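Accompanying notes for the structure given below.
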Amino acid sequence: MTLVSQTNLSYFPGCSLATTAKENNASLHTFVDHFGVTLTEVDDWNCCGSSSTHSVNSELAFSLAARNLFQAPPDKPMLIACPGCFLRLKHAQKELAGSKERQETCEQQFNRPYNPDLKLVHFFELLADMSKEGIFKELGGRLNGLKIAPYYGCMLARPPHMNKEKNHHGLIEKTMAALGAESVYWPFISRCCGTFLSVSRPKIAEKQVNRIMQGAIATGAECIVTACAMCHLNLEIRCLPENRIPIFHFSELLSLALEGKFSRSWLKRHLIDPAPLLEEKQLINALVPAGK
Amino acid sequence: MRTQTYPTETITGEPVQPIELDHSAQNFIDQVEDLSHSHLSRCWHCLTCSGGCPFSEDMDYMPNAIIRMIQFGLKEKALSCSTIWLCVGCNTCSMECPNGVDVAAIMDGLRQMAIQEKIPAAEPGILSFHNAVIDSIARYGRTHKLEIMMRYKLASKDLFSDIDLGFRMMSRRKLDLMPSKVRDRESIRNIFKQNQTDR
């Protein structure tokens, strides 16, 4: 059974999509709604632990991620939009699967039964399924004339214990091509944006971010398309004025390809204003006015 | 018969210091392997990890040099370097290693060991940021970015850098004033209690 035919998924937004990247969350909902997929937010979810927790305390990182696996409804796949959250939750799920003792401890701690069959789905996997079903055909050409640099970031990199998991590289390019946009080839598709160094060692993050931005500009890309809210934020805040090109969440461009579903209010949440580019490309004509 | 001679200086002109190995070297290796679920003897120092690491130019030692240190049992040196703190866990090294050594997990292990053994962090600002994030999770069950930034700035006594960026982010409504919270905070408190953190 494909994911698309399973129209009801549970949904783990994660802290970034719930706060700093609300426009990512909103556009993702808009897109999947259009195709009849209903997302129900996991009740009372908590932070996956983020980069900081596993950096200093592996056990704490495991427990925080594991609580979400016990909060998830057992009968539905859980969609995770943030690649960072996906990695943390999948890691915890693997640790649980390998240890009866951990399963029992968690069952006691969270007072719910362990569900060995809970399926964790990254947004890319849902998209890949939708693509197989041919949904992009009806949207063909909607993003004509746009030249993008696909940017996956590092959180889809798979360490040895996860090397059977897909990283979905190529999906942004394939989807964008179906929608009429052209993707450039460039060497930074999975380069780390610097994550927390953006706060604690801003000069190092700035160097990385500007290499990435210059790399995109050098290939003639007009914008960067990210799949990670953390990357989106870092590229926008650490980019020097001379290297600024708009950064889109993947889901924003997907929604832009739907007739009349795009909201200008999403653009107002960008630090690098994408409106001029979209107007120039005449992609913004059919937009819903701000505030709707 | 030729007698073998050894260089007395490194290529950078520093005197060569002999490394004395004793049984504690193996203890350290075992500890790291246990924490990282990775086999250090698999590393053949091809430098793929160091070449691929986006941050190696800012580290005091290359990632593979850290592995060499562990193989030689140079515990203090490995735990007091900046490399283990500047590693953000992007997993590029772990993915690219031809022998499946999980370098990022080794860095996690070393960092945690350094904290447990109270070895001063070579990058105190980074540790202080991690603590600010974890405090926020302990308090709300989720991260509250504005408060994390404020607390981090207070702890590092650096209130004014990035202040313009803070305003830009506020004006674009990137930083929420109020945190998003978990309802059942008792369960979050229990998680922290069980993992013996004194927060």
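Protein sequence lines correspond, in order, to chains A and B. The numbers in the first sequence follow the working numbering, run straight up by one, and end at 293. The numbers in the second sequence follow the working numbering, run straight up by one, and end at 186. Even glycine gets a Cβ: it sits at the ideal position worked out from N, Cα and C. Keep in mind the model is a prediction, meaning the values are calculated, not measured.
Look at the alpha carbon of F147(B) and the alpha carbon of R155(B), and state the distance between them as a whole number of angstroms. Here residue 147(B) refers to the residue found at position 160 when the second sequence is read from its first residue. Here residue 155(B) refers to the residue found at position 168 when the second sequence is read from its first residue. In this structure, the straight-line span from the alpha carbon of F147(B) to that of R155(B) is close to 14 angstroms.
Answer yes or no: does any C-beta atom of chain B fall closer than 7 angstroms to that of K101(A)? The residue given as residue 101(A) occupies position 100 in the first sequence. K101(A) has a beta carbon lying at 7 angstroms or more from every beta carbon in chain B.
Using the Cβ count rule (16 or more neighbours within 10 Å means buried), how would you classify E237(A)? In the first sequence, the residue the question calls residue 237(A) occupies position 236. Counting Cβ neighbours within 10 Å, E237(A) comes out buried, since at least 16 surround it.
Contact with chain B by A258(A), beta-carbon distance below 7 angstroms: As a working note, residue 258(A) is residue 257 in the first sequence. Not one chain B Cβ lies under 7 angstroms of A258(A).
Determine whether the beta carbon atoms of P151(A) and V226(A) lie at a separation below 7 angstroms. The residue given as residue 151(A) occupies position 150 in the first sequence. The residue given as residue 226(A) occupies position 225 in the first sequence. Yes, Cβ-Cβ distance for P151(A) and V226(A) is below 7 angstroms.
Using 7 angstroms as the limit for Cβ to Cβ distance, is V43(A) near chain B? On the first sequence, residue 43(A) is found 42 positions in, with the first residue counted as 1. Chain B, which has no Cβ nearer than 7 angstroms to the Cβ of V43(A), makes this no.
Which of the residues in the segment 252 to 281 of chain A, read from start to end, lie with their CB under 8 angstroms from any CB of chain B? Flagged, chain order: K269, R270, H271 and L272.
With distances taken Cα to Cα, identify the nearest neighbour of R94(B) among I(-2)(B), C40(B) and N86(B). Here residue 94(B) is taken as the residue at index 107 of the second sequence, counted from 1. Looking at the sequence provided, one finds Met at residue 94(B) rather than Arg. Of the residues I(-2)(B), C40(B) and N86(B), the one whose Cα lies closest to the Cα of M94(B) is C40(B).
I'd like the list of long-range same chain contacts for S256(A), defined as Cβ closer than 7 angstroms, with 5 residues on each side in sequence excluded. The count along the first sequence starts at 1 and reaches residue 256(A) at position 255. Taking S256(A) as the centre and dropping the five residues before and after it, the same chain places the C-beta of S28, T31, F32, K262 and F263 closer than 7 angstroms to its C-beta, in chain order.
On the three-pair Cβ rule with 8 angstroms, is the segment 206 to 221 of chain A touching the segment 170 to 177 of chain A? Remark: fewer than three beta-carbon pairs, one from each stretch, lie closer than 8 angstroms, so the segment 206 to 221 of chain A and the segment 170 to 177 of chain A are not flagged as touching.
To test your reading of the DSSP string, which unbroken beta strand (DSSP E) runs of 3 or more residues are found completely within the segment 37 to 63 of chain A? Qualifying beta strand (DSSP E) stretches, in chain order: 39 to 42.
With C-beta atoms as the reference, is A66(A) less than 7 angstroms away from G50(A)? Locating residue 66(A) in the first sequence gives position 65, counting from the first residue. Locating residue 50(A) in the first sequence gives position 49, counting from the first residue. If you check the CB distance, A66(A) and G50(A) come in under 7 angstroms.
Alpha carbon to alpha carbon, what distance is there between T(-8)(B) and C193(A)? In the first sequence, the residue the question calls residue 193(A) occupies position 192. In the second sequence, the residue the question calls residue -8(B) occupies position 5. A straight line joining the alpha-carbon of C193(A) with that of T(-8)(B) spans about 44 angstroms.
Suppose you measure from the CA of F249(A) to the CA of I175(B); what does that come to, to the nearest Å? Indexing the first sequence from 1 puts residue 249(A) at position 248. Indexing the second sequence from 1 puts residue 175(B) at position 188. If I take the Cα positions, the gap works out to 34 angstroms.
Tell me, please, whether the segment 129 to 139 of chain A touches the segment 80 to 92 of chain A by the rule of three or more beta-carbon pairs shorter than 8 angstroms. Contact annotation: the segment 129 to 139 of chain A does not touch the segment 80 to 92 of chain A, with fewer than three C-beta pairs closer than 8 angstroms.
Starting from A150(A), trace the beta strand (DSSP E) both ways and give me its first and last residue. For the purposes of this step, residue 150(A) is identified with residue 149 of the first sequence, where counting begins at 1. Segment K148 to Y152, the beta strand (DSSP E) holding A150(A).
Starting from M79(A), follow the beta strand (DSSP E) in both directions and report where the run begins and ends. Position 78 of the first sequence, counting from 1, holds the residue named residue 79(A). Start and end: M79 to I81.
For a test of the three-state rule: what should DSSP assign to C224(A), helix, strand or coil? On the first sequence, position 223 is the one that residue 224(A) refers to. Judged by DSSP in its simplified three-state form, C224(A) adopts strand.
4 or more residues per run - each alpha helix (DSSP H) lying fully within the segment 185 to 260 of chain A: Fully enclosed alpha helix (DSSP H) runs of 4 or longer: 198 to 201, 203 to 219, 230 to 239 and 251 to 257.
Flag this pair as yes or no: are the beta carbons of I16(B) and L27(B) separated by less than 7 angstroms? Within the second sequence, the letter at position 29 stands for residue 16(B). Within the second sequence, the letter at position 40 stands for residue 27(B). Contact flag set, yes.
Going by DSSP, which residues form a beta bridge with E(-4)(B)? Residue numbering aside, residue -4(B) sits at position 9 when the second sequence is read from its first letter. Beta-bridge partners of E(-4)(B) (DSSP): P2(B).
Strictly below 8 angstroms CB to CB, what residues from chain A border V19(B)? On the second sequence, position 32 is the one that residue 19(B) refers to. Contact note: V19(B) does not reach chain A at a C-beta cutoff of 8 angstroms; the least C-beta distance is about 13 angstroms.
Nonlocal neighbours in the same chain, by C-beta distance under 6 angstroms from L259(A), ignoring five residues either side: Here the question's residue 259(A) lines up with position 258 in the first sequence. Within the same chain, Cβ atoms closer than 6 angstroms to the Cβ of L259(A) are found at H35, the five residues on either side in sequence being excluded.
Short CB-CB distance (under 7 angstroms) between N182(B) and chain A: Here residue 182(B) corresponds to residue number 195 of the second sequence, with the count starting at 1. With a threshold of 7 angstroms between beta carbons, N182(B) makes contact with chain A.
Starting from the C-beta of S67(B), find all residues in its chain whose C-beta is less than 8 angstroms away, skip the five residues before and the five after it, and write them out in chain order. Here residue 67(B) is taken as the residue at index 80 of the second sequence, counted from 1. Result list for S67(B): A101, I106, P107 and A109, in chain order.
Does the segment 38 to 47 of chain A come close enough to the segment 94 to 109 of chain A that 3 or more CB-CB pairs lie under 8 angstroms? No: the two stretches stay apart, fewer than three of their Cβ pairs being nearer than 8 angstroms.
Could you give the distance in angstroms between the alpha-carbon of E134(B) and the alpha-carbon of R170(B)? Within the second sequence, the letter at position 147 stands for residue 134(B). Within the second sequence, the letter at position 183 stands for residue 170(B). Taking the straight line joining both Cα atoms gives about 19 angstroms.
Between T(-1)(B) and chain A, is the shortest Cβ-Cβ distance under 7 angstroms, so that the two count as touching? Residue -1(B) sits at position 12 when you count from the first residue of the second sequence. It does not; no Cβ of chain A falls within 7 angstroms.
Please state if the CB of N244(A) and the CB of G195(A) are separated by a distance shorter than 7 angstroms. Counting from 1 along the first sequence, the entry for residue 195(A) is found at position 194. Counting from 1 along the first sequence, the entry for residue 244(A) is found at position 243. For G195(A) and N244(A), no; Cβs fall outside 7 angstroms.
Quick one: is R245(A) near chain B, going by C-beta distance under 7 angstroms? Your numbering for residue 245(A) matches position 244 in the first sequence. At a cut-off of 7 angstroms, the C-beta of R245(A) has no neighbouring C-beta in chain B.
How would you list, in chain order, the residues of chain B whose beta-carbon sits under 7 angstroms from the beta-carbon of K68(A)? Taking the first sequence and counting its residues from 1, the one referred to as residue 68(A) is at position 67. It is worth fixing the name first, because residue 68(A) is Arg in this sequence and not Lys. Result: S174 and I178.
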